[in-house]
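Read top to bottom, the protein sequences are chains D and U. Numbering-wise, the first sequence is residues 690 to 1129 according to my numbering. Numbering-wise, the second sequence is residues 690 to 1129 according to my numbering. Quick reminder that beta carbons are idealized off the backbone N, C-alpha and C, glycines included. As the structure is a prediction and not an experimental result, all values here were calculated from the model. Encoded as structure tokens, the structure appears first; notes follow it.
Number of protein chains: 2
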Amino acid sequence: MPIPAPEPGQKRVVIIGGGFGGIKLTGALLRKNFQVVLFDKNNYHTFQPLFYQVATGGLEPDSIAFPLRKIFQHRTHFYFRMGEVDCIDHRQNKIYSSIGSLEYDYLVIATGSTNNFFGLESRKDQMLTLKSLLESLDIRSLLLQNFERALLCTRESEKEALMNVVIVGAGPSGVELAGAIAEMRKWVLPEDYPELNFKEMEIYLFEMSERVLATMSSEASEKAARYLQKMGVNIRLKEAITDYDGKLACSSNGAKIATENFIWTAGVKGAIVKGLPQELIARGNRIEVDEYNRVKGFENIFAIGDVALQVHEGYPHGLPMVAPVAMQQGVHLARTLNMLAQGKSPRPFKYVNKGAMATIGRNKAVADIFNSTFGGFFAWFIWMFIHIMQLIGFRNRAVVFINWAWSYFTYDHANRLILRVYKRPGRQQRKKKRDSEICR
Amino acid sequence: MPIPAPEPGQKRVVIIGGGFGGIKLTGALLRKNFQVVLFDKNNYHTFQPLFYQVATGGLEPDSIAFPLRKIFQHRTHFYFRMGEVDCIDHRQNKIYSSIGSLEYDYLVIATGSTNNFFGLESRKDQMLTLKSLLESLDIRSLLLQNFERALLCTRESEKEALMNVVIVGAGPSGVELAGAIAEMRKWVLPEDYPELNFKEMEIYLFEMSERVLATMSSEASEKAARYLQKMGVNIRLKEAITDYDGKLACSSNGAKIATENFIWTAGVKGAIVKGLPQELIARGNRIEVDEYNRVKGFENIFAIGDVALQVHEGYPHGLPMVAPVAMQQGVHLARTLNMLAQGKSPRPFKYVNKGAMATIGRNKAVADIFNSTFGGFFAWFIWMFIHIMQLIGFRNRAVVFINWAWSYFTYDHANRLILRVYKRPGRQQRKKKRDSEICR
């Protein structure tokens, strides 16, 4: 069933990606002027800032995702297609995807970002990452599976490797994950595994730069570091991970840490689509765009969000790869296209930085907002409120609220199911031990 | 870290399976007399009667599962081990598992049941089933993926096959699933897929016997069949499925139905563990037990729940394979073992049938309780109340309640994420269509 031609007077906008930018854009485009075709490889939009809570058993995956079709129910001239766009043919104004090809009048690349392993690309199969809902579930499952395995160990060294956690990168994801795992170590794991001694479990947070949360104020960084240290997280600044073979992590300072829980949050890069001229792909694998989010050299191709590199006043190396930029660019691009359709001239994009925040644990968060830095309970409360309000749908908000209230009053992370059988590719399955392991 | 020897005076009870029987038994065994080792291949207990709601997007998986370690937190002399028991060596009083071997004083087999494909065993890779949380998620994902695929079809026959649903077996699982899918077809799918014509989607429910819900009263059967017919479910009684090749289902009456959504709920059999004498494995692959749930011919091996075949007054072919039997046997076996430990003689098991119920849709359920049959809103309300109360944990109850209230007032099934990439084994991946499929 092909997508019909746009109505007379309408132009077709093809949007690749239903993330924060893509859905804001779709929502704000004028229906009478545009036929919108939205591609995403999943049938749901995810609230990425809370992936770390799925990874640590605080939330179930369904409560931070929302079906894309549901978001745009009853919208006319709108077509969602689940599929991956492989390639752009800008000469023919056409995209090629896993489900077929399609012509466009306007193309918007809103594909977001993916993990950047820098020099360790060849080791990526050994690492856990936090860039999708399924990756978050994998972290949860592997951590819990490794505690189950630790129970069976007779050798101390093997047990330690199964319990230790190494997180690389102290941006918001790394910091929030380290905090949540430290809370699990304190409140949840000793109750679940009374046979294990959690004093032996170490949580390492490696960061190449000089401070945690390097994009926030130095006051926020200091507060966050203090919270993490108080919770027993081993922060290693100005220290890079140079190798990891699935068992042993090596650092630039010569440290060797035995761990089977190695989580990489150290870098992202633009998730570009093939077909654009190579010279447009700049720093961080991002596509250079002008102040209208137009891909340089093209009249009808745009890029927004993480994948777009837009130089802006105060941001000579491009705007940061964060949700608020994507959302503002999405809304602004809709306005731009609406104005073009009406024959008016669009205005350049202006980013309004409303601040940043990160949660470390219960009653512990940091926030750079209203031109100052807050910490402690106030920042934590604001963080919770803003995150609940940003979720889509009453049901999701209610379910997240119940989970958080539950965790707060019981010190529990309730969603501790091992839901996927985590199989690390490229490694042999452990041999079945048929005897003498757990004998009386 | 081996499991320590039981304290002096204690006996070790090894329980295989953390289902309804296993957890009731564990909970009721006297701590001072027994060391309990509970095996399960998952780290969670599931509430199987609600699998069909996970399959149809009504509930998220986490809300009907509960971590086994959490259930027995703070219990002394208790060890949970995640692993599969492969084999019993009854001469040595020892079990062999995926994580090692272990000696027992008492062994309890509470492994439940698995799918029985009867003559179609060789076709099982083509079928969807509903016997685990992951299987439920697979049904949800495949149904939704097939609607996404139907959008791309140009041939009418292909599209119909992607939309049609065939359910085999009109027991409670089949009936509840058929009802829930019919509700989705009425309220949810036309909103999500305005491009598809859901008048073309057929839901078939095949049943070999003379009526749906054959284990309930004939009045309940009639009511349920009437509800289903009113919701547009195509009930085919006294008609068996003779073959299914992944595309076409053939029935004993010569019907041929094109469908890619084929769900098998037509039979279960005991999930036995190797090592017991073959002559004890009776009808339905169940293990013959006496009135104390003792496996025939053994002093210290017991079986409870679906896997046990216990002949009982009024049930000459054995008690039914349902949760209440397993729960009552679990509690009763704990009492039996407690009495043996105290040198008293145990009493034989008496099953109390508290009735049966099944939900077909909103305000539509049937119940055989209090010696009579109810239908409609009253039965539906009782069904909801009982199911919420039977869930473990306040958080699960609250989240299920929110989901149900949401669905009731909005006619929505909110959890429509395609969460697993469903790969049907033994079939080739669809080739990528690179051109002309969705062209303008």
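key: Contiguous alpha helix (DSSP H) assignments of at least 4 residues, all confined to the segment 862-902 of chain D   = Listed in chain order, they are 878-881.
request  = Answer with yes or no whether the minimum CB distance from D:M771 to chain U is below 8 Å.
outcome  = Interface residue, yes.
inquiry  = For a contact defined as C-beta to C-beta under 8 Å, what are the partners of U:N1092 on chain D?
reply    = Ordered by position in chain D, the residues that pass the 8 Å Cβ test against U:N1092 are R1084, V1088.
query = Bridge partners of D:G770, per DSSP?
reply = A small fix is needed here, since residue 770 of chain D is Arg in this sequence, not Gly. BP columns for D:R770 point to D:F728.
query = Among U:K713, U:F769, U:Y893, which has the Cα closest to the Cα of D:L885?
reply = The candidate whose alpha carbon is nearest that of D:L885 is U:F769.
ask   = Roughly how many angstroms lie between the CA atoms of D:R1051 and D:G1044, to the nearest whole one?
value = Cα-Cα distance, rounded: 21 Å.
inquiry  = Contact criterion: CB-CB distance below 8 Å. Does D:N731 meet it with respect to chain U?
reply    = Answer yes: the Cβ-Cβ gap between D:N731 and chain U drops below 8 Å somewhere.
query = If you compare alpha carbons, which of D:G973, D:L1106, D:Y1040, D:V984 is closest to D:S802?
reply = D:S802 has its Cα closest to that of D:G973, out of D:G973, D:L1106, D:Y1040, D:V984.
Amino acids of chain D, ordered along the chain, whose beta-carbon sits closer than 9 Å to that of U:P750 = Within 9 Å Cβ-Cβ: E749, P750, D751, L1106, L1108.
Straight-line Cα distance separating U:N1085 from D:E889 = Rounded to whole angstroms, D:E889 to U:N1085 spans 32 Å at the Cα level.
query = So, do the segment 977-991 of chain D and the segment 782-797 of chain D have three or more beta carbon pairs nearer to each other than 8 Å?
reply = With the cut-off at 8 Å, the segment 977-991 of chain D and the segment 782-797 of chain D touch.
ask   = Going along chain U in order, which residues have a C-beta closer than 7 Å to the C-beta of D:W876?
value = Within chain U, no residue comes near D:W876; the closest Cβ sits about 12 Å away, beyond 7 Å.
message = Helix, strand or coil, according to DSSP, for U:G746 in the structure here?
response = Coil.
key: Residue-chain proximity (D:E889, chain U), Cβ-Cβ < 8 Å   = Under the Cβ criterion of 8 Å, D:E889 is not counted among the residues facing chain U.
inquiry  = Quick check on this structure: which residue in U:V957, U:K958, U:K985 has the alpha carbon closest to the alpha carbon of U:E968?
reply    = Looking at the Cα atoms, U:K985 is the closest of the given residues.
ask   = What residues in the segment 832-863 of chain D have a beta carbon less than 9 Å from any beta carbon of chain U?
value = Cβ contacts with chain U: L833, Q834, E837, R838, A839, L840, L841, C842, T843, K848.
inquiry  = Relative to the C-alpha of D:K958, which candidate in D:I952, D:I970, D:N950, D:V797 has its C-alpha closest?
reply    = Comparing Cα-Cα distances from D:K958 to each of D:I952, D:I970, D:N950, D:V797, the minimum goes to D:I970.
request  = For D:M1028, I'd like the list of residues in its chain whose CB is within less than 6 Å of its CB, leaving aside the five on either flank, ordered along the chain.
outcome  = Spatial neighbours of D:M1028 in its own chain (CB-CB distance under 6 Å, excluding positions within 5 residues in sequence) are listed in chain order as P1035.
query = So is U:V703 buried or exposed if we call it buried at 16+ other beta carbons inside 10 Å?
reply = Buried, because 16 or more other Cβ atoms sit within 10 Å of the Cβ of U:V703.
query = Just the Cα atoms here: how many angstroms apart are U:A1047 and U:S1096?
reply = Each residue's CA atom was taken as its position, placing U:A1047 and U:S1096 some 18 Å apart.
inquiry  = Taking 8 Å as the threshold (C-beta atoms), are U:R720 and U:T1156 in contact?
reply    = A query on residue 1156 of chain U cannot be resolved here, the shown segment of chain U reaching from 690 to 1129 and no further.
message = If contacts are defined as beta-carbon pairs under 8 Å, then D:G707 and D:L757 qualify, I think. What distance do you get, rounded to the angstrom?
response = Between D:G707 and D:L757 the beta-carbon gap is near 5 Å, inside 8 Å, which marks them as a contact.
task = Measure the Cβ-Cβ separation of D:E949 and D:N835 and say whether it is below 8 Å.
result = The answer is yes: Cβ separation under 8 Å.
ask   = Are there 16 or more other CB atoms within 10 angstroms of the CB of U:K936, so buried, or fewer, so exposed?
value = Classification for U:K936: exposed.
ask   = Just to confirm, are U:F755 and U:G1082 a CB contact at a threshold of 8 Å?
value = The answer is yes: Cβ separation under 8 Å.
ask   = Residues in its own chain within less than 7 Å of U:R975 by CB, not counting five upstream and five downstream?
value = For U:R975, where only same-chain residues beyond five positions count, the Cβ hits under 7 Å are G959, V996, A997, L998, G1007.
ask   = Helix, strand or coil: which one does DSSP assign to U:S906?
value = Coil at U:S906, not helix or strand.
request  = Pick helix, strand or coil for U:T765, following the three-state DSSP scheme.
outcome  = U:T765: coil per DSSP, three-state reduction.
key: Span separating the alpha-carbon of D:D1124 from that of D:D827   = With a pLDDT of 41 at D:D1124, under the threshold of 50, the modelled position of that residue is not reliable, and the figure given next carries that caveat. If I take the Cα positions, the gap works out to 29 Å.
query = Does any CB atom of chain D fall closer than 8 Å to the CB of U:D881?
reply = Taking Cβ atoms only, chain D reaches closer than 8 Å to U:D881, which makes this a yes.
key: Exposure label - U:F1059; buried when at least 16 CB within 10 Å   = The residue is exposed, with fewer than 16 neighbouring Cβ atoms inside 10 Å.
key: Where D:K985 meets chain U, residues with beta-carbon distance less than 8 Å   = What D:K985 touches in chain U: nothing, since even the nearest Cβ is about 27 Å away.
request  = Closer than 8 Å by beta-carbon distance: list the chain U residues that pair up with D:Q762, in chain order.
outcome  = Residues of chain U with a Cβ closer than 8 Å to the Cβ of D:Q762 are, in chain order, E880, D881.
task = Pick helix, strand or coil for U:E845, following the three-state DSSP scheme.
result = In the three-state scheme derived from DSSP, where H, G and I count as helix and E and B as strand, U:E845 is classed as helix.
message = Among U:M873, U:V1000, U:E896, whose alpha-carbon lies nearest the alpha-carbon of U:Y1100?
response = Selected option, being the one with the closest Cα: U:M873.
message = Please report whether the beta-carbon of D:K820 lies at a distance below 8 Å from any beta-carbon of chain U.
response = Not one beta carbon of chain U lies nearer than 8 Å to the beta carbon of D:K820.
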